[in-house]
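These protein sequence lines are chains F, S, E, H, Z, R and P, in that order. Here the first sequence is numbered in this note's numbering, starting from 1 and rising by one per residue. Here the second sequence is numbered in this note's numbering, starting from 1001 and rising by one per residue. Here the third sequence is numbered in this note's numbering, starting from 2001 and rising by one per residue. Here the fourth sequence is numbered in this note's numbering, starting from 3001 and rising by one per residue. Here the fifth sequence is numbered in this note's numbering, starting from 4001 and rising by one per residue. Here the sixth sequence is numbered in this note's numbering, starting from 5001 and rising by one per residue. Here the seventh sequence is numbered in this note's numbering, starting from 6001 and rising by one per residue. Note that beta-carbon positions come from the ideal geometry of N, C-alpha and C, so glycine has one too. Given the structure is predicted, the values throughout are model-derived calculations rather than measurements.
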Amino acid sequence: MSKNNSTVIKMDEQVLKYKEDLYEKTVHHLKVTIPKKIAEYQELAKSYGQNSENEQDGQTSKKRKLDSEDYVLMPIEDLIKTNRVIMETHQKFKKAYIELIETFSVIRGWISLNIPRIEDGNNFGVDVQEDIITQITKLEEVYTSLLDGSESYFASRASLVKKILKHKDIEAYRYSLAQVDEKEFTRFSFSYFDLANNYATTYSLIVKNFAKLETPRPTNASNIY
Amino acid sequence: MSKNNSTVIKMDEQVLKYKEDLYEKTVHHLKVTIPKKIAEYQELAKSYGQNSENEQDGQTSKKRKLDSEDYVLMPIEDLIKTNRVIMETHQKFKKAYIELIETFSVIRGWISLNIPRIEDGNNFGVDVQEDIITQITKLEEVYTSLLDGSESYFASRASLVKKILKHKDIEAYRYSLAQVDEKEFTRFSFSYFDLANNYATTYSLIVKNFAKLETPRPTNASNIY
Amino acid sequence: MSKNNSTVIKMDEQVLKYKEDLYEKTVHHLKVTIPKKIAEYQELAKSYGQNSENEQDGQTSKKRKLDSEDYVLMPIEDLIKTNRVIMETHQKFKKAYIELIETFSVIRGWISLNIPRIEDGNNFGVDVQEDIITQITKLEEVYTSLLDGSESYFASRASLVKKILKHKDIEAYRYSLAQVDEKEFTRFSFSYFDLANNYATTYSLIVKNFAKLETPRPTNASNIY
Amino acid sequence: MSKNNSTVIKMDEQVLKYKEDLYEKTVHHLKVTIPKKIAEYQELAKSYGQNSENEQDGQTSKKRKLDSEDYVLMPIEDLIKTNRVIMETHQKFKKAYIELIETFSVIRGWISLNIPRIEDGNNFGVDVQEDIITQITKLEEVYTSLLDGSESYFASRASLVKKILKHKDIEAYRYSLAQVDEKEFTRFSFSYFDLANNYATTYSLIVKNFAKLETPRPTNASNIY
Amino acid sequence: MSKNNSTVIKMDEQVLKYKEDLYEKTVHHLKVTIPKKIAEYQELAKSYGQNSENEQDGQTSKKRKLDSEDYVLMPIEDLIKTNRVIMETHQKFKKAYIELIETFSVIRGWISLNIPRIEDGNNFGVDVQEDIITQITKLEEVYTSLLDGSESYFASRASLVKKILKHKDIEAYRYSLAQVDEKEFTRFSFSYFDLANNYATTYSLIVKNFAKLETPRPTNASNIY
Amino acid sequence: MSKNNSTVIKMDEQVLKYKEDLYEKTVHHLKVTIPKKIAEYQELAKSYGQNSENEQDGQTSKKRKLDSEDYVLMPIEDLIKTNRVIMETHQKFKKAYIELIETFSVIRGWISLNIPRIEDGNNFGVDVQEDIITQITKLEEVYTSLLDGSESYFASRASLVKKILKHKDIEAYRYSLAQVDEKEFTRFSFSYFDLANNYATTYSLIVKNFAKLETPRPTNASNIY
Amino acid sequence: MSKNNSTVIKMDEQVLKYKEDLYEKTVHHLKVTIPKKIAEYQELAKSYGQNSENEQDGQTSKKRKLDSEDYVLMPIEDLIKTNRVIMETHQKFKKAYIELIETFSVIRGWISLNIPRIEDGNNFGVDVQEDIITQITKLEEVYTSLLDGSESYFASRASLVKKILKHKDIEAYRYSLAQVDEKEFTRFSFSYFDLANNYATTYSLIVKNFAKLETPRPTNASNIY
């Protein structure tokens, strides 16, 4: 501190405007974007589940998921081609994951800017804010790491294809490749349900505690700027 | 919070409908799906155990599990073929694991959406909800990682077969391959018992505490939406 | 919870029958299987110890354990053969380990199903149940990882044999192989004592606390179904 | 301590001047630099988001982000060229990250030098200082590690290009390269929002608690030199 | 628990006999085996120390430990031979380590079987039992991992000899080999002292607290069976 | 303790003299060395910052930092030459880091020797001593690991140059090398500020608490020897 | 415990004699060995520091430490020769480290054997004993791991020399080798100071608390045997 007097630093108008902008986006997300997303993914989870069942009972022509046996009998030129269905589904899910991260990072941004001055008590509301920021940050980290899913899928596929080409007589490499592709379909079958579930659980946490997020210390509102 | 007034955000009807849908599925799972699964896996554990005993006493013709010695004497072309029994049993267990994950993630979803607003006390019911969500999440993680079992089995088998082909005179690689296959049979012999046991233990935890899961704070039901 | 009334979910008869079946097996294990195992392994530990001593004093013809020097002088064709005694002993111990895991996982299963509803106090009995479940789970994990022992033994042996064949003049690889085999014999010499000791210690813990395992909350038995 | 008398050591004038210099820079950053940065990155986040949307609807000629398919069809000489847009955007972000680190390390330096003598109580203000130093240090560590982003991007790109050149028929390597580049664009799309958000959250924390940072122990100012 | 009555399970006579057998061995170890071992290793530590000093002053003809320089000048055929002294000393120490493990695992076994029923208080004696079991387990783990010492010594020696043969002009590999052998001699010089010290410290802990190990809960002896 | 009487052991005069010598060096460092260093590095940070700005605006002839593009166009013989400026700056910083470690390890040595006898209370002063020893030890560890910086820089540079020579057509390796060199200049730009900041923060901590470091327990000075 | 009576086990006379022997060595170390070592290393630190300064100002003929440039210009046959000064200094330090470990492990041994029976209170003295045993164990671990220093130095040197021979045109490998050697000289320059400092700090801790180490529970000496 300067030797003679202490300096008064106030929240800059531009920053308050930035916070207000995040607040409006937050309200829009809670009233419109998120409920719509939950309904959308609930439907997609149902229809995706239905498709897999039809496929297992042979009702659909276009088989997305091959059986392990197919991988052993398939000529090598087909084997090393990338499965179009897997690639397209990856792109769809990446868009969905980016949307989720963008939506909740706005809400996290607003809550962080709404944390009042550190005080030696009366912190229940601040604990709620910090608890919810932690939950949202965890959610964003899960979906950020899921974004790397396709890179690691292609890397494993490429290295197995390399081994298949090098050791044409070792059947187990082909089965291993079958498992790598099958795992993607298994993950897809959970992904829509998980998206609906994660949106809903985090939405429910925020909505039920919105009053505390807005006014962490009810008595003296002034300290929140 | 907007400078002048605070916004009221209510749980969206679509989300409440989503929660109701999860609730009905949860009740169905507790009354029908899970008890049926426990009985099914209890039987499979008994019959699987019986088969292994008959096989050891040479009563069954079709030997699923070869002895180590077989692996040393077997011609290389047979050695490098994948064991059909192991592959089929993998596929059966993967289906069972996916079913378990789907069943309990629905229940976890409902419980999460039933967690009331964060309050500074009267949280015994919420602690029960969070404790059971943690147990279910752990169960789902165990079975999600078990889904990778077949990929790592084929990868180890392939790399050992490669070494056997390259070092035909090193007996120990063949014994190592025998252990890799034998370990799968040992795992299968535990898997049905573990499935019955895990379904039953988690079911017992949920059923005995269902009242608290439904109504974590008895006095004022309104705060659960 | 459904908006109008709360649902009563009771423990399904099939699950209670499953629990009863585990209970009867538990009593049988405590009264018959385990005491018999402890005596059996106590004897095997003594006789195994006796054999090693006779062998060191050269009394027995068939030397199971070779000295390091033998490994340096031995022709390479013999060196790369797997030691029959080690393989047979592995198979014996694997059977013993599987039996131990099966025996205690049944007891663990029964105790888990006997954990009463979560309550905010009067939990001393439940703590005893959870403490003993933790001890049994640790024991099962130790013996499950010991099951992998033979696979890693053969993998180390194979890779050393490969180096010996490649670098015939490097004596130290042959000594290293001698150590790998010798370590198996050292482990065997402890294994029977450890089996007796682990069975006895876990048995003693369960038997001394059996009343609490059966009736964790003495006053009101109804809550255990 | 010297056997006879204790030595009085006072804060050197040069060090007090150094602290005063950091203090003035801190005030300038809080009043000018940081609010300007928040507004700047808020704008960049909006305009960057807008560009990506236009690009996806094909409105802009210069496509920064290629689709996976482009990577499979592209001739190898183009494939192995580094994407100019990615490189330029890296350089821009590195400048922004260095600025952020320089800005907040000055503020951290001032706060550290303003921590008073260790006392056995009356430490609420010191806890606020230490808490904020921890937050700033975390922020600096995040952006220091982000500085390594471009080195690891080029290393992954180089090693994938090497594999593509070596295994021209393995399509999956090309898709893997597409993911590596696409990931950079996804990171860029978050980076401006994160910069605005991190500046604002840390700024809000410092400004709201500036009084405590300046005068951690209100009663006796003398102990802060 | 069976729906109608609770079962009484008592400690099986065979198990009590097993415990009694461990008890007698424990008393013998404390009165005879261990004091003798401490004296023996105290002597060996002194005489080993004396030999090293004589060797450094050149008094002994047979130099066990070569200087680094010897390794550079030595012809390659001698260099790649394993140092007889190191091998023989390894075998001696392995015998000593196995003895230590066998001795204390018997004592640990007895103490474990003497742990009374879990009670909600009056546990000071039980804490002493568990503390001493932890100390003995740590000691067994240290000496079990030391048993692997010779395997890793030969593995490092073999891989360095391989490099020396491949890069005859790189002096530093020969110095590295000198360090690997020298390190064994340094370890040997500590090993006898450590054996005496570990035996004595653990013995002192057990003897001083023997009353508590025998009778953890003085008042009612019946609960220990 | 010897069976009959207890031995009195006093601090040896040579050790007290050693402590006095450390004390005098400590006072000299706090009054002279450190303030001078803080001022010196504050200046160097400013001038280093100024140079980089001039360079970016092209005012200086001798460009220390090349742009990524230079690395792609540069002939390979120049590319594989080590950047003189980076090497010289490394040597300068290593000297500065060694000085910092020597300066503060003397102060840490004195404080450690001034820790009084362990007592069951009245330990506030001792806690201050131990807290400051921990801070200084952390500082020394940071700068000891920074000393390894140049070894790892040359190792990364060498391995990238090797790849560039092997894969002349893979541009990304050249960009990767550009990043490795650029990272050193970025680190240099922070290093002088960090040196000033770390000296100042640790100095301020020691000076403000010097009375407690000298006399941790005011009442009875005798126990500090 | 045997079913009828409890056994009295007393500390064996040989063990008490062993403890007395450690006690006498401890007193000798505290009165003679350690103070002498502190003075010796204090001197060596000063003279080593003096030599480095003279060398930097070119006063001494025999340059122990070469500059990085020397490594680039030096013919390869000289480069691959091991630096005699580094090797001799390693041997000197190894002797010093072994002495330190032997000295303090004797003291640790005595303290451990002087720990009284575990009691439910009155444990301040025992806490002091355990705290000091922990400090001495940490010191022994630091110097045991430093003993491996020369092995890892020669391993790094050998692998860099291999790379220099393989890639004669990559200058950076020669600079990397210069850093590896320079790091040893930097470590040497700290080692004597650290030896003096570690001896002194541990000595000061033991001497100031010697009364508690000897008589942890003043009231009743009998329980210490």
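Opening and closing residue of the alpha helix (DSSP H) in which residue i lies
i	result
Glu6141/P	6124-6146
His5087/R	Just to set this straight, residue 5087/R is Met in the shown sequence, not His. Unbroken alpha helix (DSSP H) run through Met5087/R: 5084-5113.
Lys3025/H	3013-3028
Ile1076/S	1076-1079
Ser2068/E	2068-2073
CB contact below 7 Å: residue i versus chain Z
i	result
Lys2063/E	With a pLDDT of only 48 at Lys2063/E, under 50, the local geometry of the prediction cannot be trusted, and no value is derived from it.
Lys2003/E	Here Lys2003/E scores only 45 on pLDDT, less than 50, and its place in the model should not be relied on; the value that follows carries that caveat. Not one chain Z Cβ lies under 7 Å of Lys2003/E.
Ile2170/E	yes
Asn2223/E	With a pLDDT of 48 at Asn2223/E, under the threshold of 50, the predicted position of this residue should be treated as unreliable, and no value is reported.
Ala6155/P	yes
C-beta neighbour in chain S for residue i, strict 7 Å
i	result
Ser112/F	no
Tyr173/F	yes
Thr60/F	Confidence at Thr60/F is low in this model, with a pLDDT of 46, below 50, so the placement of that residue should be treated as unreliable; the coordinate-derived value is given next. Chain S contact via Cβ: absent.
Thr2082/E	yes
Chain-ordered neighbours of residue i on chain E, where CB pairs are closer than 7 Å
i	result
Glu4151/Z	Ser2176, Gln2179, Val2180, Lys2183
Interface residues of chain H facing residue i [CB-CB closer than 7 Å]
i	result
Val5068/R	What sits at residue 5068/R in the sequence shown is Ser, not Val. Result: Met3087.
Neighbouring residues, chain R, relative to residue i (Cβ below 8 Å)
i	result
Ser3007/H	The displayed chain sequence assigns Thr, not Ser, to residue 3007/H. Within 8 Å Cβ-Cβ: Val5027, Phe5210, Glu5214.
Contact set between residue i and chain R, taken where Cβ atoms lie within less than 7 Å
i	result
Asp3127/H	Those do not exist, as Asp3127/H stays about 14 Å from chain R at its closest Cβ, beyond 7 Å.
Residue-level contact to chain E via CB, residue i, 7 Å cutoff
i	result
Val1207/S	yes
Ala1200/S	yes
Interface partners of residue i on chain F, CB under 7 Å
i	result
Arg1117/S	Lys208, Asn209
Contact list for residue i against chain S, beta-carbon separation under 7 Å
i	result
Val2161/E	Ile1170, Ala1172
Tyr203/F	Val1015
Chain-ordered neighbours of residue i on chain F, where CB pairs are closer than 8 Å
i	result
Phe3231/H	Only positions 3001 to 3225 of chain H appear in this structure, which leaves residue 3231/H out of reach.
Any chain P beta carbon closer than 7 Å to residue i
i	result
Asn4051/Z	no
Residues that residue i contacts on chain F, provided the C-beta gap is smaller than 9 Å
i	result
Ala3196/H	Tyr18, Gly109
Beta carbon proximity, residue i to chain F, threshold 7 Å
i	result
Ala984/S	In the structure displayed, chain S extends from 1001 to 1225; residue 984/S sits before or after that span and is not available.
His3167/H	yes
Contact set between residue i and chain Z, taken where Cβ atoms lie within less than 8 Å
i	result
Ile6101/P	Phe4190
Within chain P, the residues that residue i reaches when beta carbons sit closer than 8 Å
i	result
Asp4131/Z	Ile6118
Cutoff 7 Å: residue i Cβ touching any chain C Cβ
i	result
Tyr192/F	As a matter of chain content, chain C is missing from the structure shown, whose protein chains are F, S, E, H, Z, R and P.
query: Which whole runs of the alpha helix (DSSP H) in the region 3163-3219 of chain H are 4 residues long or more, in chain order?
result: 3171-3208, 3210-3214
query: Taking any Cβ of chain E, which residues in the region 4010-4042 of chain Z have a Cβ under 9 Å from it, in chain order?
result: Lys4010, Met4011, Asp4012, Glu4013, Gln4014, Val4015, Lys4017, Tyr4018, Lys4019, Asp4021, Leu4022
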